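The structure appears below as structure tokens.
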Amino acid sequence: MESPWQYSTVHNSACKVIEEQTLWGQTVCRVWLPNQDAVVRVPRSALRPLSADLQPEIEAGRIAYVAAAAKVAEVLEGSTSATEGHVLLAPMESNVIPLPHQIHALSRAISGDRVRYLLADEVGLGKTIEAGLVMRELKLRGLVRRTLVVSPKGIATQWVAEMQTHFNEQFQLVLGDDIGTLQRLAPGADHRSSAWSMFDQVIVSLDSVKPMDKRRGWTAERVAEYNRSRFEDLMTAGWDLVIVDEAHRLGGSTDQVARYKLGKGLAEAAPYVLLLSATPHQGKTDAFHRLMNLLDDDAFPDMDSVSRDRVAPYVIRTEKRKAIDADGKPLFKPRRTQMAPVAWESRHQLQQLLYEAVTDYVREGYNQALREKKRHIGFLMILMQRLVVSSTRAIRTTLERRLAALKDGEQQASLRLAVLENGAEGSESPDDEMAELYDMDGQELLDELLKSHVSALQSEGSHVETLLDAAVRCEQAGPDAKAEALIEWIYELQAEENEPDLKVLIFTEFVPTQQMLKEFLEARGISVVTLNGSMDMEERKQAQDAFRKSHRVLVSTDAGGEGLNLQFAHVIINYDIPWNPMRLEQRIGRVDRIGQPKTVQAINFVFEDSVEFRVREVLEQKLSVIFEEFGIDKTGDVLDSAQAGELFEDVFASAILNPDGIETSVEHTVARIRDEIQQVRESSAIYGISEEPDVQTAERLRSHPLPHWVERMTVGYLNSHGGMASRKRSWWDLNWPDGQEHRKAVFNAREADRLTDATLLNLENSRVRGLALNLPQIAAGQPLPCVSVSGLPASISGLWGLFEIRLQAGMHQKTQRLRIPMVRRGYVSVFVSEEGKLFLPTARHIWDALQTAEAQVQTTLGQDESITAHESLQIAAEQAGQELFDALQQAHLASVAREEERGVVSFVSRRKAIERVGLPEVRQFRLSRCDADEAEWRHELQSARQIVPEIRPLLMLRIIKGGAQ
């Protein structure tokens, strides 16, 4: 009797004949294709006896494909085996080489069923990298396609740059003015819903998409349309993952402010949420509760629910003191920071007089602004002080702009400034609006104030004219004292470092100072490139490349420096010093980054005989005592930028108003900082939470063979399914069975980065991913190949099989309310010797050998022998798979238990909220609805406890002796 197993030349695979029919002289067979689990009709003439038509190369390709694909599938399922452990994909599929604490953060973030975490590493540890790794991991596992990043405007471009540089991920930056354009460009009649769908990966600025209640001069309809386009449409655009940087800002001052409403919308807009903040608590338990409520409103229904034990599962945090490099050494080297007082010589007399005159003008103007409650004028006065310290050109150009505005007449201040004067018109509080101003760098704030044509002070016009005349004469008299000091410092540093082409990064707050420095240095033969906030991403990249390759000096503003990674330089000169120390830290952080091989040297310029110098001397001395007491490095470890901005601008302003009271003013500010630190230490629910990075995990990931498995799986599939894979040096040219081609294909991200025009194929590619997720099952009676495998001991002989162990839960119940997976898979290999003994270590060794060695196919077993072998391996797999199934079952039941705990808290909290509803009819209706929802949830939960096991044979071989030859 002819075997029902045949070889289909149409499908290039084994098949089983189910039925044969002859009609009008044509014989047609219905056959089952195990590789596709499909029944098809083929001409009888297209079938050959399997053993007679055996093509060893094709069968070897199939074996390589299935053996490698099961390895990949095991990783995708997150299976934990004795040999592999929990394997992370993103570190192997990204350009960045993660540090131990970043790998630990990634591992924790994807370890649970719900990815909703607060990433709270201390400043400088790379939370952006951690968020990018989590995003990549979820994308590679097929769980995320659409990602929204929400960040303060100032660091939005940094996100674009880092996602591109480290992860090859393209994000569309959408700022406030871009939203209307986006809607006009959106295709289709329903442009609103499609506008945010034009891009799968979007970065928006936090304040451009927050909702508002009202705005001066706007109708209710216009406000509603604004909220629909910027807030509601964004929230309903179908995001898979939402990432919020500086997330503590979403806590807001109350639960009614716009930023908290935005946070609430974002929390509900995607199943996966990452909140990033180095200072999430800040001693404000109510705001921290609102932040944690965004991650899980069931677990944190009220402030009493915020405790360290309850918060810990949602927080991933590493302290700097615990951060290590790949070799287990401390991650950060000490830096050298020094203040460089600049003295006014006799030739700088006009500049000193200008400084004193502007200081008097600022003192008088600031006091008048306080009396008249014109806070925006107060901001402008403070800026004037910073401008005169920066450079003569900076104050001169600003005085020119201010005088022109005064001559134009008084005009309406901007909306943000109007809020400061008249109180909030929308749903944002004045305090939150103030925080936005404190977040701005000097140039941004200056532009905001001057474009608004803010109202004049009494006799301000004549004062400005007098100052402008003095500034012009000062500029004509010669270079600034600090400019002359700068060139001396550059030459001195060159000699000290013994490096004639020493690269120096110079920071200034203001563009006019930047322009002056470029002209000044170039006139003295030093090549200079500049960066500022008006430049787009491509211009910034070109400037950065020029600094690295050819130019000796980069002069950058604060906004221009955002997103820069300049580890190739280690000397930074702060030509002027922002009053907010967080800005200063961000500047130095451009070179003092993870991976900096040298000791960073930072020089801070300050006028010797000035209010600023006296404030800094006292402030730094007193802060160093507090930082040593509490074991922290800097203010940024406990305060966010806006908090620090307000505190330190207040102390500098007070010193200008009352130079004799500097000690008292500084003491007051330092006491506030000390209280803040103490409060955080005592009341913060995250204080004391810190991860323990693991060097061994990082090392295992660097050498993990996943990219090789994906390559072997793909090539094996093509060679056994009618495609073609041609090796070309370090890449492949691939032809798929349906005609699709991939030229210059590589499977390793670092190789893709090295080769021009390479096509990276990894698990993010749906076609490649499908090869692992749709593994074919073999059937009893299907002929088993007899193979030898090089590298195996010659004594190994017997039957080998590879099986998928599957757990299916909730078979007959849709689980729309549950947040846990209903299918779990694992993989087990078995080896049965000629004597009938089961050897699991040998089985795993054979599986590993098939990842590198080709199986030499000699022949196939007959049908009866194949059936017997199938039964023997099935029995062995059932025995060996018990432990794996138990582990799958345990993991599933643990997920069910966590889901039950979450649901109980959720419904209790929901009922409490309903009980506060005033109208009895509404209250009763909502309680009834809540009861119905809970009943449905409990029914689904009970269904999830109903578990069905399944075992699927994927590959069976007879291993014959002689593999080691």
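The working numbering puts the first residue of the sequence shown at 139, with every later residue one more than the last.
Ideal Cβ positions, reconstructed from N, Cα and C, are used throughout, including at glycine.
Just so you know, these numbers come straight off a predicted model, no measurement behind them.
For residue i, name the three-state secondary structure that DSSP assigns.
i       : result
HIS689  : coil
GLN549  : Note that GLN549 scores 49 on pLDDT, short of 50, meaning its location in the model is unreliable and no value can be drawn from it.
GLU1003 : helix
THR357  : coil
GLN1084 : coil
ASN150  : coil
GLU260  : coil
ASP345  : helix
HIS708  : coil
ASP383  : coil
LYS882  : strand
PRO479  : strand
ALA176  : strand
ASP424  : helix
TYR109  : Residue numbering for the chain in the displayed model covers 139 to 1103; residue 109 lies beyond these limits and cannot be assessed.
HIS329  : Confidence is the limiting factor: at HIS329 the pLDDT is only 42, short of 50, which leaves the residue's position unreliable, though a coordinate-based value still follows. Three-state result, HIS329: helix.
THR695  : coil
PRO1091 : strand
LEU237  : coil
Are residue i and residue j close, meaning C-beta to C-beta below 8 Å?
i       : j      : result
VAL204  : LEU913 : yes
ALA987  : LEU930 : yes
VAL995  : ALA207 : no
ILE667  : GLU660 : In the sequence on display, residue 667 carries Val and not Ile. Contact: no.
ILE1098 : VAL925 : yes
VAL480  : ALA619 : yes
GLU538  : LEU584 : no
TRP985  : LEU940 : yes
GLY389  : PHE426 : yes
LEU404  : VAL288 : yes
CYS612  : LEU521 : no
LEU587  : PHE517 : yes
VAL526  : LEU492 : yes
ALA681  : VAL749 : no
GLN240  : LEU185 : no
LEU278  : GLU902 : yes
VAL1042 : GLN946 : no
SER343  : GLY314 : yes
VAL180  : TRP170 : no
SER415  : GLU457 : no
PHE648  : GLY580 : yes
When we look at the beta-carbon of residue i and count the other beta-carbons within 10 Å, is it buried (16 or more) or exposed?
i       : result
ASP813  : exposed
ASP798  : exposed
VAL411  : buried
PRO472  : exposed
ASP546  : exposed
HIS708  : buried
LEU1057 : exposed
GLU158  : exposed
GLU1059 : exposed
ILE990  : Note that residue 990 corresponds to Thr in the displayed sequence, not to Ile. THR990 is exposed by the Cβ-count criterion.
ARG728  : buried
GLU603  : exposed
HIS1077 : exposed
TRP377  : buried
With residue i and residue j assumed to form a contact (beta carbons below 8 Å), what rounded beta-carbon distance in angstroms separates them?
i      : j      : result
ARG368 : ILE293 : Between ILE293 and ARG368 the Cβ distance is about 20 Å, and since that is not below 8 Å, they are no contact.
PHE645 : ARG725 : 5 Å
PRO172 : ALA917 : 6 Å
ILE454 : ALA269 : Not quite, the Cβ-Cβ distance comes to about 10 Å (not below 8 Å), so this is no contact.
VAL253 : LEU271 : Wrong, their Cβ atoms sit about 12 Å apart, outside the cutoff.
ILE267 : VAL312 : With 8 Å as the limit, ILE267 and VAL312 do not qualify as a contact, their Cβ atoms being about 23 Å apart.
LEU704 : GLN915 : Not a contact, Cβ separation roughly 55 Å.
Inter-stretch contact at 8 Å, needing at least 3 Cβ pairs: the stretch 714 to 727 / the stretch 440 to 455: Look at the beta carbons and you see the stretch 714 to 727 not touching the stretch 440 to 455: under three pairs across the two are nearer than 8 Å.
Segment contact, 8 Å Cβ cut-off, at least three pairs: the stretch 999 to 1019 with the stretch 1065 to 1073: no
Cβ contact check for the stretch 1024 to 1037 and the stretch 164 to 178: 3 or more pairs under 8 Å: Counting Cβ pairs under 8 Å, fewer than three are found: no touch.
At least 3 beta-carbon pairs within less than 8 Å: the stretch 683 to 694 vs the stretch 635 to 643: yes
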